[in-house]
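Taking the numbering used here, the leading residue of the sequence shown gets 809, the next gets one more, and so forth. Below is one structure, written out as C-alpha cells; comments come after it.
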Amino acid sequence: MSNRQDRLPVQVDPFRMAEARRILEGDVPLRQLRRLGALLEDDTGVARVQLEFGTDEMGVRFLKGRIRAELSILCQRCLEPMPWHVDLELALGLLHPGEDEAKAGVYEPLMVDEVPMHLTDLLEDELLLALPQIPRHELAVCPAREYVEPEGQAQATAGTKDNPFAVLAKMKTETSNEE
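In C-alpha cells, the structure reads:
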C-alpha cells in the first residue's frame, strides 16, 4: 500500500498519519474556509496543499508541508481588490495536550487537542496568519498613489513647520529687554 494520498481528508489522526509516514496532496477550495473567506474579495480559488507526516530521528512526530494560494484581498489604501500570493512552508511538531513544547524540537509546536483533527481548520489558520495586517498595493501600482504622500515626506515637512512656542519665546525676550 502506498503512503501517498491524492485527496485531502476532512479529518485526520495526525499521530497515526505520522506513524504511517503518510503524504497528502490536494486542493482545498477557498470557499470551504469560512473565516478566511470573510476576509477575501473573491473566494473562487483553491489552496494547493502538500503535507508529509512522519517521525524524525529524534522521535519527534512532525507535519511538514507547503500551502500555495492566490488570494484576492482588499487594499486598505485604495479600497480595490488586490492579489496576494501565499507560499507557506510548514514544519510542525505534533504534541498531545500537556506535553512540553520543548519536545517539538526544531519544529513549531502544534498541540493537537482533538483527534481526529480537522485538517481544513489547520490549513485555514496558517493561511490567516499569512495575511498582512494592513493589506496595501505597492505604492507604484496603487490606484490611490496620487493621493498618498511618499513615506518620509510627512516627517520632513513636519520638521520645517514653525514652532508654535516661538512667538511666546520672542515675547518673553522682548519683555525682558524692556525691563
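Glycine residues also receive a C-beta, built at the ideal position from the N, C-alpha and C atoms.
At the level of alpha carbons, what is the spacing between residue i and residue j?
i           : j           : result
residue 827 : residue 874 : 20 Å
residue 882 : residue 921 : 33 Å
residue 931 : residue 895 : 12 Å
residue 953 : residue 885 : 9 Å
residue 915 : residue 823 : 15 Å
residue 985 : residue 887 : 58 Å
residue 955 : residue 846 : 28 Å
residue 980 : residue 971 : 15 Å
residue 973 : residue 983 : 15 Å
residue 872 : residue 923 : 18 Å
residue 946 : residue 977 : 44 Å
residue 908 : residue 929 : 23 Å
residue 940 : residue 951 : 19 Å
residue 825 : residue 862 : 7 Å
residue 876 : residue 933 : 14 Å
Would you please state the rounded distance, in angstroms, between the beta carbons of residue i and residue j? I believe it to be under 8 Å.
i           : j           : result
residue 866 : residue 906 : Actually they are not in contact, since the Cβ atoms of residue 866 and residue 906 sit about 20 Å apart, beyond 8 Å.
residue 870 : residue 834 : Going by Cβ atoms, the distance from residue 870 to residue 834 rounds to 19 Å, so no, they are not a contact pair.
residue 851 : residue 889 : No, residue 851 and residue 889 are not in contact; Cβ-Cβ is about 12 Å, not under 8 Å.
residue 917 : residue 903 : 6 Å
residue 831 : residue 878 : Incorrect: roughly 24 Å between the Cβ atoms, too far for contact.
Checking 8 Å against the spacing of the C-beta atoms, do residue i and residue j come in under that value?
i           : j           : result
residue 843 : residue 936 : yes
residue 820 : residue 919 : no
residue 943 : residue 892 : yes
residue 911 : residue 949 : no
Is it true that the segment 855 to 862 meets the segment 830 to 839, where meeting means three or more beta-carbon pairs spaced less than 8 Å apart? These segments touch.
Length at least 4, wholly inside the segment 842 to 895: the alpha helix (DSSP H) runs in chain order: With a minimum length of 4 residues, the continuous alpha helix (DSSP H) runs that stay inside the segment 842 to 895 are 842 to 845.
Which whole runs of the beta strand (DSSP E) in the segment 906 to 970 are 3 residues long or more, in chain order? At a cut-off of 3 residues, the continuous stretches assigned as beta strand (DSSP E) that sit fully inside the segment 906 to 970 are 916 to 919.
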